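2 protein chains.
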Amino acid sequence: MTDTNHSIHNRDSSEKKLNPRQQKVFQKRQALIVKKASKLFIKKGYAQTSMRDISNATDINLGNLYHYIGRKEDILCIAFNAYHKLIIDFLVKNDILNIEEPKAQLKAVLRQSLEITYSVRNDLLMMYRETRVLPRKFLKSILKKEGEFIELFEGIIARGVESKAFKVSDPFFAANMLVFQLSFYSLRSWNLKQFTREEFLDLAEETILKAIIPDAMCSGT
Amino acid sequence: MTDTNHSIHNRDSSEKKLNPRQQKVFQKRQALIVKKASKLFIKKGYAQTSMRDISNATDINLGNLYHYIGRKEDILCIAFNAYHKLIIDFLVKNDILNIEEPKAQLKAVLRQSLEITYSVRNDLLMMYRETRVLPRKFLKSILKKEGEFIELFEGIIARGVESKAFKVSDPFFAANMLVFQLSFYSLRSWNLKQFTREEFLDLAEETILKAIIPDAMCSGT
DNA sequence: TTTATATTAAAACGTACGTTTGTTTTTAAT
DNA sequence: ATTAAAAACAAACGTACGTTTTAATATAAA
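Quick mapping for you: the protein sequence lines, in order, are chains A and B. Quick note on numbering that gives the first Met the number 0: the first sequence kicks off at 0 and runs consecutively. Quick note on numbering that gives the first Met the number 0: the second sequence kicks off at 0 and runs consecutively.
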C-alpha cells in the first residue's frame, strides 16, 4: 500500500497508449500544473495549498487534475526533479568541468551556481521547507543526486588542494559548506533585501572563495 | 478575526487569577506540552502532527490541552520564543561581549554559538521548516530578534575591521553569512554524519573564520 | 464542609481536504 | 459518419482534523 504509489517513477507519461502528439500535450499540461502549484506552495506552503486551489490556479477541473498527476505529493516530486535537472543540465552543458586551472574553474562554477540558485531562490526555499512531504524512497534519490553535486565540488577542491592552489583541511567538508552557502540568499533573503543582485553575487563569491583560496581578496579577475 | 488571536502576547499566564503556586504548575504543564509537541513536530512535521497526537504524547486529555494553550499554532510560537530566549540568554550571561581583543572575542562567541546551534540542531531544522505556520505578527517579532542577533555579530566584525584585525568588505553581509552558517549542521546533517561533534565544530569554526580573519589558518589558539 | 477550579473521558461539531465516481463532452483515428 | 479513447466536469465520499461541549470526578483553598 505504501510502496505501490511512487507514481513518478512508473508513470511519467509512458505506459499510456498515447501517440507522440498526445504525449506532448499531456506533458505540457502536467508542467503547467507543477508550475502553478509550485507558485502556490511557495506562497502558502504545501500543506496549506489544496487541490482545489491548484484547480483554480490552473483552470483545470478538480477531478481532471488526477488525469495528469497520481496524487498531490507527485506534484512536489516532479518539481524537485525539475529543479535538479535544471542544475545538472547546466553543469553538463557548460564546459566548466573541463577548465584546467583550479582557481579559474572554481570561480567559474561557483559564479554560475550562485547565479542559478539566486534565480530559483523561491523554489529553493520551498524545497527546503517541504522536503518532509516527499515519500521516503523519492527523498533518498534526491539526496543521492545532491550528494553527487557536492562530490563534484569536492573533486574540484581536492584537485586545487593537490596543486597548492587551494588550502582547506577537508575538501569534503569544504564542498558541503560551499553548496550549503549557495542557498544563503534563499534562506536569508528577508535580511538581504538591501543588496542588489550584483552586489550580492560579488559579496557571496568573495566570501565563499575566501574559505578555500588563500588571500583570495588580493587575486584580481 | 485574524488579529484577535495572538494568544502568546496577552495570555502568557498573566491576567488569570492564579496564585504563584498555580502559575508554576501552569507553566510547567505548558512547557511539557511544548516540549513533547516539538519532538513530534521535529519527527513528523507540524501539519502532520495532530492535537490528538500531542494529547497522547503528553498524557493530557485533548480537551484539557486547551487550558494551557489557546490554539495549536501557539505551541509553535512558544517553542520559537523559548529557542530565542535560549540563545540570547547565553550571550548575555557570558561576558563574551566584554572581550576586548577582536579575534579572541569573535572566536569565543563563534565557538559558543556553534556549540549551541549544534545542540539544538533538530529544533533549528524544525523552525526553518515551519516558519510559514507562524502568524504574521509573531513572525515579524521573531525576525526582529534574529536581526538583532545578527547586528551583534556585525558590531564585533566592524570593530575588528577598524582595528585591522579582520578583513571583510561588508560587515553586515559577513555577519549575515556567519549566522547563516551557524545552521549548517542543522540543514545538512544528512551528509555530515561522518564527522564527530568535535571534528565538525573545529572544521566549522576554521571555515567560518577564514572568511573574516586573514590567514586565519596560521594563527594558533 | 463548601466552593471554585482542574482533570478526565467521551462525544460532537463543523469544516476542509484528498480522492473517486459517474456522466458528458471533446478528440482523433478509421 | 462511426466509434472508442481521452478529457472535462459536477457531485459525492469518506475521513481526519481543530476545537468545543457536556457531564462526571478529583483536587485544593476558603
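In this text, a Cβ means the ideal position worked out from N, Cα and C, and glycines have one as well. Values in this document were obtained by computation on a predicted structure and should not be read as measured data.
Taking the beta carbon of residue i as the centre, do at least 16 other beta carbons fall within 10 Å, making it buried, or is it exposed?
| i | result |
| --- | --- |
| B/Thr195 | exposed |
| A/Leu113 | buried |
| B/Glu99 | exposed |
| A/Glu169 | Per the sequence presented here, residue 169 of chain A reads as Asp, with Glu not at that position. Buried, because 16 or more other Cβ atoms sit within 10 Å of the Cβ of A/Asp169. |
| A/Leu181 | buried |
| B/Asn9 | With a pLDDT of 37 at B/Asn9, under the threshold of 50, the modelled position of this residue cannot be trusted, and the question is left open. |
| A/Lys23 | exposed |
| B/Leu186 | buried |
| B/Leu96 | exposed |
| A/Pro134 | buried |
| A/Asp73 | buried |
| B/Gly159 | buried |
| B/Leu61 | exposed |
| A/Lys136 | exposed |
| A/Glu129 | buried |
| A/Lys84 | exposed |
| A/Lys27 | exposed |
| A/Lys43 | exposed |
| B/Lys139 | exposed |
| A/Ser13 | Model confidence at A/Ser13 stands at a pLDDT of 39, short of 50, so the residue's coordinates are unreliable and nothing is read from them. |
According to DSSP, is residue i part of a helix, a strand, or is it coil?
| i | result |
| --- | --- |
| B/Asp201 | helix |
| A/Ser185 | helix |
| A/Val24 | helix |
| B/Leu208 | helix |
| A/Phe172 | helix |
| A/Val167 | coil |
| A/Pro19 | helix |
| B/Gln180 | helix |
| B/Ser13 | Note on B/Ser13: pLDDT 37, under 50, position unreliable in the model; no value is reported. |
| B/Gln193 | coil |
| B/Pro213 | coil |
Report the option in the options whose CA atom is closest to the CA atom of residue i.
| i | options | result |
| --- | --- | --- |
| A/Val91 | A/Ala78, A/Leu64 and A/Leu151 | A/Leu151 |
| B/Lys102 | B/Ile149, B/Lys163 and B/Leu31 | B/Lys163 |
| B/Asn175 | A/Phe25, A/Lys192 and A/Val178 | A/Lys192 |
| A/Arg120 | A/Leu200, A/Leu105 and A/Ile207 | A/Leu200 |
| A/Leu142 | B/Gln111, B/Ile141, B/Ser188 and B/Glu145 | B/Ser188 |
| A/Asp58 | A/Gln47, A/His83 and A/Leu31 | A/Leu31 |
| B/Gln29 | B/Leu64, B/Thr48 and B/Leu39 | B/Leu64 |
| A/Ser37 | A/Pro19, A/Asn80, A/Leu61 and A/Arg135 | A/Asn80 |
| A/Ile156 | A/Asp88, A/Tyr45 and A/Val108 | A/Val108 |
| B/Leu222 | A/Leu123, A/Asp122 and A/Tyr127 | Since the first residue of chain B shown is 0 and the last is 220, residue 222 of chain B is not available in this structure. |
| A/Phe89 | A/Gln104, A/Phe165, A/Tyr67 and A/Ile115 | A/Ile115 |
| A/Leu105 | A/Glu153, A/Lys71, A/Val132 and A/Ser140 | A/Glu153 |
| B/Lys144 | A/Ile87, A/Asn18 and A/Asn190 | A/Asn190 |
| A/Ile87 | A/Leu208, A/Ile149, A/Tyr184 and A/Arg131 | A/Ile149 |
| B/Lys71 | B/Phe40, B/Phe172, B/Phe179 and B/Ile212 | B/Phe40 |
| B/Phe179 | B/Gly69, B/Phe25, B/Ala203 and B/Glu197 | B/Ala203 |
| A/Lys34 | A/Cys76, A/Pro213 and A/Glu198 | A/Cys76 |
| B/Gln47 | B/Ile207, B/Lys209, B/Ala173 and B/Met125 | B/Met125 |
| A/Leu177 | A/Ile212, A/Glu161 and A/Glu197 | A/Ile212 |
| B/Ala78 | B/Phe165, B/Tyr45 and B/Glu161 | B/Tyr45 |
Mind checking whether the beta-carbon of residue i lies closer than 7 Å to any heavy atom of the ligand GDP?
| i | result |
| --- | --- |
| A/Tyr117 | Although the ligand GDP was asked about, the structure shown includes no ligands whatsoever. |
* Asked: Which runs of the alpha helix (DSSP H), 4 residues or longer, sit entirely within the stretch 33–90 of chain A?
  -> Within the stretch 33–90 of chain A, the complete alpha helix (DSSP H) runs of at least 4 residues are 50–57 and 61–64.
* Runs of beta strand (DSSP E) lying entirely within the stretch 88–165 of chain B, each at least 3 residues, in chain order -> Fully enclosed beta strand (DSSP E) runs of no fewer than 3 residues are not present anywhere in the stretch 88–165 of chain B.
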